[in-house]
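Residue numbers (the working numbering), protein chains in the order written: chain A, 662 to 928; chain B, 76 to 820.
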């Protein structure tokens, strides 16, 4: 099973309903977003004029670069398939790729807000939500699109899909050949693979050739310099014992945690 | 480094958290006690409240609210809707931010400073009504009912407008939706087909969709956009005529970058070609039109070659479009447009469009112009009465109408000019209700001069728009989420689907916050203060709506039981009324001294060094009224200037450069915007979205964001038949780093 989303650019009118519905559904702070619409062109594509939209969100990649360096405390988690009852157990840090449904998720209670995953994502699909604070993540927590996992688990469409006024967003299981999303892939829907990368983005685009050319020529990202992400993760790991101690000392509270963090930084 | 927490960064992030987090989370961050909601829960499990009707624009999608405790947390389309369904646009979704916008009007206010430079003092509703009664009463007593003028807009202004029109008895009412927007479309079609066309084109089932300068896709009316996209998905060919590569052009099969203002010449050439080549729908023309002979003679001069030269288009492209339409007739959607007050030659252009549609037989057919058969409901309101024509500014001394094809109400400039000159009589009191004339009516200085000479100005609005700075008394109105409202009716969005009708009434999803009141409460109190208490048709808005619903055999309680929308069987709309007739030649127009067959009137051209300013829409804003919405502002904080990329290069301008403007009358923009250099616009035009650049500092989000295009539209070209305002005969130069740049031809 691999959930994915299709953005049909022939249907999209660039109305931003998806962005605002997501903000409302998930308390995303005004200045941040889990998804975005960027207006492209009008520009010449060969001899033709084109204008389209980069309708972006987390790609829930086949091989996500954002999860590898997460310094969050690993935990054994049992994942289950609500349809088949199939269970899989894996030890994962604070962000991982779900071995059942293929989505990439974050456990905010274990996220320390180090920003490594945010640096690693070439699509800038993650941001640090400063409103989410606890003793181990006093700068905030990484946040991003979950493909509305809590909604689809209840049989509801993702908020962005439900509000899409023209049916330009289609959500489903790419591994199910009968699904509408799989049909779109058959017709040629493709993801925005990062330059030189092999991430396997599962949010895919479909549209006229000139619109796709415009999207891919303007919006294909470079792979992130993973050194920076790695450095962040490493620093965070060094700090972890101190943070853990602080986490246990809840009486210390936020200011206490900050003090421990400051100490760790000095060291 | 982000995770190096110093005292400074700690304070910063705490401040940021305080800005963006709901209160509960801040409390958690401060106490670090229980593991509060690090993971947002989503709204899907929250309580659902039904019966909302959106008014972030005027399309009125049916919505529901998600409620957590006392607070609305999300708005969604009503899944029962056969119009917008469960979908709503960005603005609809952002209604939550409008509802809780801390900048919104909360209490009645009295201006203790000057008009235009207000100093506000909070007063009670009783004090407000006492003062309104005294000041409006004095003006009416001294100058007569016609000494009062009104600028209303929207659902909330209907009831008070009826009061001032029917009961107080002033003819001086001017609605922006008519005189600065779609009025000329309606009167031109009524002079052609006897019916205002709305946007009733069955695009979903068309073989060709023809858009003349349309903002479809930039102007988001949900069911209309669904209709349009469904048409394209079904294989309709799209023709877009626009000097700019618009959102619609981006989806087109044929884009014609026409020279601005020449659209009528283009339409006449197609009419001439269809007649000459006998490519029109002969049966329809014979059975449902009159005046083909006059039309034939009237358009004879408009050869393809002549139109090509006038419109700056290849002749073969004009022929191609005419052939596409003819070959696919009658299943072609010629969109009547919505905002069509463009150049002051608009009545004739809209007539040409109506006549071309007739030649193609595209009325009451699948894929053509065809209104759905909506259910009938009775509107309850103030008793009707006749005005004394003596005071109708649109009636000349000889008893004839100055603008014979004016939409209902009085053409705006007849009111403004009369108020400023005092001729033929003084206009000394002004009521502005839900309209922002500063950003709807061209020539802002004239509007300000009109307001300066008033004895009394009353504004009623939900938010402190720019016009409210000119009020003496400013009243806070309940928004569409906080009140009942009149009824919305319609049919299923795709005419090809099972025929259904719906009736919905607006019901509040939240009680009115602060001291906000609805239009019936406010109007009734004003009526009592002016001695008209005995004529009040309903004691409350709820009662008014219930009375209207009763006429359709419904009630609010029944509607609530039906989740806010009553649905019933519909009727086949594809039946042409036997007496339907399109006047290709209209004798009444000719008798009034105007061309009886559609005629092209050339428009002024830009002086050297200037480009024509054309304005339009963006997907996330409804003109100025959504500018202070924090979520929407975040999506499009300014209105970039579209300028041809080669022109920009000659001027040394790059994407993202900051520019200001000066227009042909020396009017300068007080704010700036950024450059968007693109091949997708002609060299003789620049373009920006309308409604930005608010000046009221009380709009803390929208103030100074982008440029106010209306300020640069100081020249209004009045359409001679209708008295409506053409606003696209204004020309600008750019200002960069204090230097004025000549725009090369």
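We put the CB at the ideal spot given by N, CA and C, even for glycine.
What does a CB cutoff of less than 6 Å around residue i pick up in its chain, not counting 5 residues either side in sequence?
i	result
residue 765 (chain B)	690, 698, 784
residue 756 (chain A)	728, 731, 767, 778
residue 758 (chain B)	719, 722
residue 727 (chain B)	none
residue 118 (chain B)	141, 148, 149
residue 108 (chain B)	Only weak support exists for where residue 108 (chain B) lies, its pLDDT of 37 falling under 50; the value from the coordinates is given anyway. Cβ neighbours of residue 108 (chain B) beyond the five flanking positions: none.
residue 700 (chain B)	none
For the beta strand (DSSP E) that residue i lies in, which residues bound it at each end?
i	result
residue 580 (chain B)	575-581
residue 804 (chain A)	802-804
residue 432 (chain B)	First-last for residue 432 (chain B): 421-434, but that is the alpha helix (DSSP H), not the beta strand (DSSP E).
residue 812 (chain A)	Per DSSP, residue 812 (chain A) belongs to no beta strand (DSSP E); it is in the alpha helix (DSSP H), 810-813.
residue 656 (chain B)	Run containing residue 656 (chain B): none; DSSP gives neither H nor E here.
residue 884 (chain A)	Per DSSP, residue 884 (chain A) belongs to no beta strand (DSSP E) and is neither H nor E.
residue 510 (chain B)	From DSSP, residue 510 (chain B) is part of no beta strand (DSSP E); its letter is neither H nor E.
residue 766 (chain A)	765-767
So, with DSSP's three-state summary, where would you put residue i?
i	result
residue 644 (chain B)	strand
residue 702 (chain B)	coil
residue 896 (chain A)	helix
residue 526 (chain B)	helix
residue 695 (chain B)	coil
residue 447 (chain B)	coil
residue 469 (chain B)	coil
residue 107 (chain B)	Note that residue 107 (chain B) scores 37 on pLDDT, short of 50, meaning its location in the model is unreliable and no value can be drawn from it.
residue 812 (chain B)	coil
residue 452 (chain B)	coil
residue 622 (chain B)	helix
residue 801 (chain B)	strand
How would you label residue i, buried or exposed, when you count the other beta carbons within 10 angstroms and need 16 or more for buried?
i	result
residue 650 (chain B)	exposed
residue 310 (chain B)	exposed
residue 725 (chain A)	buried
residue 899 (chain A)	exposed
residue 685 (chain A)	buried
residue 275 (chain B)	buried
residue 752 (chain A)	exposed
residue 591 (chain B)	buried
residue 735 (chain B)	buried
residue 608 (chain B)	exposed
Hey, out of the options, whose CA is closest to residue i's CA?
i	options	result
residue 558 (chain B)	B:357, B:573, B:545, B:584	B:584
residue 184 (chain B)	B:202, B:176, B:788	B:202
residue 740 (chain B)	B:167, B:602, B:517	B:517
residue 822 (chain B)	B:524, B:670, B:370, B:734	Coverage of chain B is limited to positions 76 through 820, which leaves residue 822 (chain B) absent and any answer about it impossible.
residue 411 (chain B)	B:190, B:263, B:173, B:546	B:263
residue 538 (chain B)	B:522, B:117, B:113, B:178	B:178
residue 137 (chain B)	B:385, B:717, B:550, B:296	B:296
residue 527 (chain B)	B:540, B:547, B:511, B:515	B:547
residue 195 (chain B)	B:318, B:145, B:182	B:182
residue 532 (chain B)	B:234, B:512, B:503, B:417	B:503
residue 705 (chain B)	B:113, B:606, B:161, B:166	B:166
residue 737 (chain A)	A:678, A:702, A:771	A:771
residue 868 (chain A)	A:673, A:666, A:825	A:673
residue 652 (chain B)	B:134, B:644, B:363	B:363
residue 335 (chain B)	B:419, B:256, B:373	B:419
residue 684 (chain B)	B:761, B:733, B:634, B:674	B:761
residue 803 (chain B)	B:413, B:750, B:681	B:681
residue 582 (chain B)	B:604, B:589, B:637	B:637
The alpha helix (DSSP H) that contains residue i, what's its start and end?
i	result
residue 359 (chain B)	357-363
residue 298 (chain B)	297-308
residue 403 (chain B)	390-403
residue 235 (chain B)	233-237
residue 200 (chain B)	200-218
residue 822 (chain A)	820-824
residue 662 (chain B)	662-666
CB-CB under 7 Å to residue i, same chain, minus the five flanking residues each way: which ones, in chain order?
i	result
residue 595 (chain B)	234, 613, 615, 616, 619
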